[in-house]
Amino acid sequence: MDISEVIKNIRSELNLSQEGLARELHMGFTSVNRWENHKSKPNQIARHALAELCRKNNLDQKLIESLEANS
Numbered sequence: 059m060d061i062s063e064v065i066k067n068i069r070s071e072l073n074l075s076q077e078g079l080a081r082e083l084h085m086g087f088t089s090v091n092r093w094e095n096h097k098s099k100p101n102q103i104a105r106h107a108l109a110e111l112c113r114k115n116n117l118d119q120k121l122i123e124s125l126e127a128n129s
């Protein structure tokens, strides 16, 4: 699973829009949109923030592992 799919799955599990996920991560909507559309990849800080958000919300460990594997 590539990073774009992982991010979409995380967002879906959290029932968030791209804008909602961006707010949760304290980032801009365009960043999330670009990640999901294969235009860029989240940097290490963003991947860490995504992993922490997953842990905080008790998401499937496989999503976290996929996120960290794509670093």
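Convert by adding 58 to the 1-based position in the sequence shown; the result is the number in the working numbering. All C-beta atoms in this analysis are idealised placements derived from N, C-alpha and C, irrespective of residue type, glycine included. Treat the numbers as computed from the prediction; the structure is a model and nothing was measured.
Around the beta carbon of R113, fewer than 16 other beta carbons lie within 10 angstroms, which makes this residue exposed. L108 is a Cβ neighbour of P100, given a cutoff of 9 Å. With contacts defined as CB atoms closer than 9 Å, I61 and N116 fail to qualify as a contacting pair. Q76 and M59 have their C-alpha atoms roughly 19 Å apart.
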